[in-house]
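Colleague: This is the structure I want to talk about, given as structure tokens.
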DNA sequence: TGGAATCATGCAACAGAAGTGCATTTATTG
DNA sequence: CAATAAATGCACTTCTGTTGCATGATTCCA
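Residue numbers (our numbering), protein chains in the order written: chain A, 106 to 243; chain B, 106 to 243.
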């Protein structure tokens, strides 16, 4: 596993105990997590601290937000070299209607869309919903 | 313009004064509207009534919800013969980062995505963000 | 036509997520 | 060690979405 504290210093984030916990939790999670998920995992931690921790991580491109249509923001670690803001790097997300988990399909980029005249795309969000591999039994 | 009250009766919705107002407001809007938008337009109306009006419209396939990533649900009239639940009918939405409006691009369907083994897609949501035709000056 | 039943509306209240301000604690640096 | 900066914790607010319940309006049928 990555040396979490060194990694965070490289990203310009002070590796406090709380931040390391959150980072490791996300690193071990296959699915994206909500603020409440994290809050429930670390009962001692204050919600505001976690909120700001995630915001810091986001600013430093350690995590990216995911809007999967549930109305609750989720967070997942960025892949190595992930440049969330660049269109070419926009992967899609899959939300399972059964287990309610959302995962990044980092290998699957959003296809190019031919827009009407005058429309200029800068960003895109594609969420597929259905049954994930674990729940479909394959 | 369509006879709104007859149209609503065909859809199995009693055309009350309030419902006609909401329907006409949405019909005249090019962009999708939030509950608050509608609430501010009809100051006299109660939020709950509008909320339930929209829910009724949704059940009867008169409007469809749009999640454009702003975190606030928006509503737009369905096109004639729109079958929001069918994958083939899933059009994409465009959110303008300048004027903050979201429009349906009903002619633009979501392209087919080849998923990894075990994943079964039932639904999809694609939102492109950028500058709309009005704001790009074309 | 006169209720009875059904549907629509309005008011109040609540839950959950997101976000802000401020005080306090912890860490860094000269 | 003192001064500064950063991180944390607490309280509180706002906004959206939602439900329960009482009241008002409409429909329907004997």
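Using N, Cα and C, we set each Cβ at its ideal position, and we do this for glycine too.
Taking C-alpha atoms, which residue in A:147, A:222, A:219, A:132 lies nearest to residue 123 of chain A?
Modeller: The residue with the shortest Cα to Cα distance from residue 123 of chain A is A:147.
Colleague: With 8 Å set as the bound, which would you pick, yes or no: does the beta-carbon of residue 195 of chain B sit closer than that to a beta-carbon of chain A?
Modeller: No, its Cβ sits nowhere closer than 8 Å to a Cβ of chain A.
Colleague: Report yes or no: is there a C-beta of chain B within less than 8 Å of the C-beta of residue 252 of chain A?
Modeller: This structure gives no information on residue 252 of chain A, because the portion of chain A shown stretches from 106 to 243.
Colleague: Under three-state DSSP, which class holds residue 147 of chain A?
Modeller: Looking at residue 147 of chain A - three-state DSSP - the assignment turns out to be coil, as it is neither helix nor strand.
Colleague: So, do the segment 135–146 of chain A and the segment 171–184 of chain A have three or more beta carbon pairs nearer to each other than 8 Å?
Modeller: As far as the Cβ criterion goes, the segment 135–146 of chain A touches the segment 171–184 of chain A, which means the pair count is three or higher.
Colleague: Any Cβ of chain B within less than 8 Å of the Cβ of residue 227 of chain A?
Modeller: Residue 227 of chain A counts as touching chain B.
Colleague: Grouping DSSP H, G and I as helix and E and B as strand, with all else coil, what is residue 227 of chain A?
Modeller: Correct three-state label for residue 227 of chain A: strand.
Colleague: Since residue 207 of chain B is in the beta strand (DSSP E), which residue starts that stretch and which ends it?
Modeller: It spans 207–214 - the beta strand (DSSP E) in which residue 207 of chain B sits, taken as one unbroken run.
Colleague: First and last residue of the beta strand (DSSP E) that includes residue 181 of chain B?
Modeller: Per DSSP, residue 181 of chain B belongs to the beta strand (DSSP E) from 179–182.
Colleague: Shortest alpha-carbon distance to residue 234 of chain B belongs to which of A:220, A:168, A:241, A:240?
Modeller: Cα-wise, what sits closest to residue 234 of chain B is A:220.
Colleague: Using a beta-carbon distance below 8 Å, is residue 179 of chain B in contact with chain A?
Modeller: Not one chain A Cβ lies under 8 Å of residue 179 of chain B.
Colleague: Name the chain A residues whose beta carbon is nearer than 8 Å to that of residue 234 of chain B?
Modeller: Residues of chain A passing the Cβ test: 226, 227, 228, 229, 230.
Colleague: Would a check of beta-carbon distances place residue 171 of chain A closer than 8 Å to chain B?
Modeller: So no, residue 171 of chain A is outside the interface.
Colleague: Could you tell me the distance, in whole angstroms, from the CA atom of residue 241 of chain B to the CA atom of residue 204 of chain B?
Modeller: Between residue 241 of chain B and residue 204 of chain B, the C-alpha separation is close to 10 Å.
Colleague: Does the segment 224–239 of chain A come close enough to the segment 118–133 of chain B that 3 or more CB-CB pairs lie under 8 Å?
Modeller: Verdict: no, contact absent.
Colleague: Hey, is the segment 210–219 of chain B in contact with the segment 212–228 of chain A, meaning 3+ C-beta pairs nearer than 8 Å?
Modeller: Yes, since at least three Cβ pairs between the segment 210–219 of chain B and the segment 212–228 of chain A fall closer than 8 Å, the two stretches touch.
Colleague: Using a Cβ cut-off of 8 Å (strictly closer), state whether residue 216 of chain A contacts chain B.
Modeller: Yes, contact with chain B.
Colleague: Got a sec, what are the start and stop residues for the alpha helix (DSSP H) residue 240 of chain B sits in?
Modeller: 238–241 is the span of the alpha helix (DSSP H), which, as asked, contains residue 240 of chain B.
Colleague: If you follow the alpha helix (DSSP H) that residue 127 of chain B is in, where does it begin and where does it stop?
Modeller: Segment 122–133, the alpha helix (DSSP H) holding residue 127 of chain B.
Colleague: Name the chain B residues whose beta carbon is nearer than 8 Å to that of residue 241 of chain A?
Modeller: Ordered by position in chain B, the residues that pass the 8 Å Cβ test against residue 241 of chain A are 223, 224, 225.
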